[in-house]
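*Asks:*
In our numbering, the protein residues as written are 389 to 892.
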């Protein structure tokens, strides 16, 4: 029997720094660390390779040759997991005599059986480079953990474009992954950082494609197997919310797309609802504290609802474009109001805030440590045992907020939070049920969109009452007519929703 090769696993946390964090790290973080510290500096040049059809990328692999001072090494990184900024993936390294890549030197057992290694070798070509200056702090702490804190400053580049690198990597050499989170939290308290779920290679492939990173919308429902335990369902929902948060915060920082900001807030609200739903079952101090911290953090983002409403009003493809886009004075005012909100609340500062990084790191550590196992019972019970009760309870709360009588705009808007929470519960649990969920959820999702449009019209009415635009009277009448028409449609939709068969 052939000897099974040992797969070396890379375990690291990635942070992106807003400014140069080295000085703050040396002056404020290092003195707090108890242990031995060694510092080294070098310049690294990396060339990434793939086939013309990007076969390695398709198989979640990354191939590079790293050179420093005429010393060369090729590295193959395989598909792994990324949760909350903690990257765990197999990594294989081999020394090279020159900077020429040769994947035939790797052990054959690491490759998929469908790979023709010789053919792939012959079709490999350079795609992009990552050249940067690296400062490494090798730390052996008093508890026996051995890890590296690496500061990389440079750029990812193709022949046509480049992207800056200002990254902090915390890699575990030996010890407990929790030590990485503890150190990352200390760094986040003294340096402006955000947790990063993208690798340098991911930025490189984005440059090669010539396409900017795009905002991601939430899926229709969370994929979940019917026999999932309560713990598994909770962890899937948390991991999804974290991934969605980190992707869209990255897109916003890179592109300033307001859609990314909206999706980021949605993912944070999802995470809060995950905590709220599962806290009674997975009771533990860490989850309770995170729940409290997230409520406070979301208060800093409530203004984003007005940004979202302004996007509705200014959209060239939205439900109000036919009338509102013709009014240049209104469009100009809305643009100024939007820019004023962004300047006043500084979303980039929020993204790079201590509070944001701390919540994400503590949430990822929560998934790693599973502290509820020490105090809670029933975490391994099927989530299906809770799902029926949770969905029914949310349904009853929604019915109380939307009684079977005519509702006006204020009543709809006051029920918006309850509907959002109920739909998020459905997002987390509807995947357990194959039949009937679309017919039940669709009208409620339509109502949620209707409430967003009502929010936009309510904002427009407020703006018109506060300003003296030339066609104010005409616009106020149009807003009133549009609101009444929307309410008529929403009432019909609500009637369909109230009479739909539950799916659980």
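For each residue, glycine too, the CB sits at the ideal point set by N, CA and C. Owing to the predicted nature of the structure, the values given are computational and were not obtained by experimental measurement.
Provide the residue span of the beta strand (DSSP E) that contains residue 894, from first to last.
*Replies:* With the chain covering only 389 through 892, there is no way to say anything about residue 894.
*Asks:* Buried or exposed for residue 816, please, with buried defined as at least 16 other CB atoms from any protein chain shown within 10 angstroms of its CB.
*Replies:* Result: buried.
*Asks:* Alpha carbon to alpha carbon, how far is residue 861 from residue 708?
*Replies:* 17 Å
*Asks:* Using a Cβ-Cβ cutoff of less than 8 Å, which residues in the same chain neighbour residue 838 once the five nearest sequence positions on both sides are dropped?
*Replies:* Hits under 8 Å: 800, 874, 877, 878 and 881.
*Asks:* Roughly how many whole angstroms lie between the Cα atoms of residue 394 and residue 495?
*Replies:* Here the model assigns residue 394 a pLDDT of 48, short of 50, so the residue's position is not dependable, and the following value carries that caveat. Those two C-alpha atoms are separated by around 11 Å.
*Asks:* Say whether the region 542–562 touches the region 456–466, bearing in mind that this needs 3 or more beta-carbon pairs closer than 8 Å, one atom from each stretch.
*Replies:* Short answer: they don't touch.
*Asks:* Using a 10 Å radius around the Cβ and a threshold of 16 neighbouring Cβ atoms, would you call residue 668 buried or exposed?
*Replies:* exposed
*Asks:* Should the region 760–772 be called in touch with the region 600–617, which here means at least 3 C-beta pairs below 8 Å?
*Replies:* yes
*Asks:* Taking the C-alpha atoms as reference points, what is the distance between residue 578 and residue 571?
*Replies:* 11 Å
*Asks:* Write down every uninterrupted run of the alpha helix (DSSP H) in the region 633–703 whose length is 4 residues or greater and which is fully enclosed by it, in chain order.
*Replies:* 646–666, 673–687 and 692–702
*Asks:* Where does residue 404 fall in DSSP's three states?
*Replies:* strand
*Asks:* May I have a chain-ordered list of the beta strand (DSSP E) segments no shorter than 3 residues that lie completely inside the region 425–471?
*Replies:* 450–456, 459–465 and 469–471
*Asks:* Rounded to whole angstroms, what is the Cα-Cα separation between residue 761 and residue 718?
*Replies:* 56 Å
*Asks:* In the DSSP assignment, the alpha helix (DSSP H) including residue 481 goes from what residue to what residue?
*Replies:* No alpha helix (DSSP H) contains residue 481, which is instead part of the beta strand (DSSP E) from 474–484.
*Asks:* Taking buried to mean at least 16 other C-beta atoms within 10 Å of its own C-beta, is residue 870 buried or exposed?
*Replies:* buried
*Asks:* Identify which residue in 684, 737, 721 and 538 has its Cα closest to the Cα of residue 641.
*Replies:* 737
*Asks:* Bridge partners for residue 582 per DSSP, in chain order?
*Replies:* 404
*Asks:* Would you call the CB atoms of residue 653 and residue 645 closer than 8 Å?
*Replies:* no
*Asks:* Three or more C-beta pairs under 8 Å: does that hold for the region 447–455 against the region 426–438?
*Replies:* yes
*Asks:* Does the Cβ-Cβ distance between residue 554 and residue 697 come in under 8 Å?
*Replies:* no
*Asks:* Can you tell me which of 532, 420, 541 and 628 puts its alpha carbon nearest to the alpha carbon of residue 471?
*Replies:* Checked all of 532, 420, 541 and 628; the closest Cα to residue 471 is 628.
*Asks:* Looking only at its chain, what residues have a beta carbon closer than 7 Å to the beta carbon of residue 841, apart from the 5 residues adjacent to it on each side?
*Replies:* 700, 707 and 874
*Asks:* When the Cα atoms are used, what is the spatial distance from residue 598 to residue 676?
*Replies:* 44 Å
*Asks:* Where does residue 493 land, buried or exposed, given buried means 16+ other C-beta within 10 angstroms?
*Replies:* exposed
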